[in-house]
Amino acid sequence: MSEQQTSFFNKINHTLDKLESFVLSLLLFSMIGLASLQIILRNFFSGGFIDAEPLLRLMVLWIGLIGAVAASRVYKHIAIDVITRFLSQRNKLIALAFNHLFVASVCAIIAWHAGRFVLMDYEADSPAFGAIPSWVMELILPFAFGAMALRYGISFIESISQLLNKSSQGTQES
64 MSEQQTSFFN KINHTLDKLE SFVLSLLLFS MIGLASLQII LRNFFSGGFI DAEPLLRLMV
124 LWIGLIGAVA ASRVYKHIAI DVITRFLSQR NKLIALAFNH LFVASVCAII AWHAGRFVLM
184 DYEADSPAFG AIPSWVMELI LPFAFGAMAL RYGISFIESI SQLLNKSSQG TQES
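For what it's worth, my numbering labels the leading residue of the sequence shown as 64, then goes sequentially.
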């Protein structure tokens, strides 16, 4: 992989990292603020916002999915790693590349079908709560899985590049 391609992929990853962190922080602080305000309004003023509970549940979904995207940033996702400890360095790279391709493919398929689901809700114009349509609240599904597919797709390309570089170095040394 050329230096220019590596720089381009690093810029994409860096931009995604900043966006994820910002949205996670914004959602978390908003969620804490809304939940605290709801508690105060209920306990001291015998009232509250009608749609606060469904909104908080949706915010938990959004935080969970954006958190999954952020976890994929540093490979802190759930993984079963029994076989790779017994593999050579070259075979570990092959297994890693296959793993990244598989995860990217699954995430892309989920993103595609989540996008179709959101489109169906858009066409049905069903409300989530208040004046907010449900499709707006569901947008996190295709975006989160699409971001994970993009991240693992880039990781697959980087893994293949490392594998090819190691192969070409091995043949040059011979």
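All C-beta atoms, glycine included, are put in the ideal place defined by N, C-alpha and C.
Item: P190 classed as buried or exposed, judged by whether at least 16 other C-beta atoms fall within 10 angstroms; Value: exposed
Item: L118 vs L91 beta-carbon contact at 8 angstroms; Value: no
Item: Closest by C-alpha distance to M122, when choosing among F107, V132 and L87; Value: L87
Item: Residues that DSSP places opposite P117 in a beta bridge; Value: For P117, which the question treats as bridged, DSSP gives no partner whatsoever.
Item: Selected residue, minimal CA-CA separation from E201, among R136, S93, Y215 and M183; Value: M183
Item: Cut-off 7 angstroms between Cβ atoms - residues of its own chain near A167, not counting five sequence neighbours on either side; Value: A212, Y215, G216 and F219
Item: Endpoints, the alpha helix (DSSP H) within which F165 is located; Value: Q152 to A187
Item: I129 - DSSP class collapsed to helix/strand/coil; Value: helix
Item: Proximity winner among Q225, S99, F108 and K81, relative to K155 (alpha-carbon distances); Value: Q225
Item: Given M94 as reference, the closest of V132, W125 and R105 once Cα atoms are compared; Value: W125
Item: Beta-carbon proximity list for V132, same chain, < 7 angstroms, skipping 5 on both sides; Value: E83, A207, A210 and M211
Item: Neighbour-count burial assignment, L89, 16 or more Cβ in a 10 Å radius; Value: exposed
Item: Rounded C-alpha distance that separates S237 from E221; Value: Note on S237: pLDDT 47, under 50, position unreliable in the model; the coordinate value appears next. Their backbone Cα atoms lie some 25 angstroms apart in a straight line.
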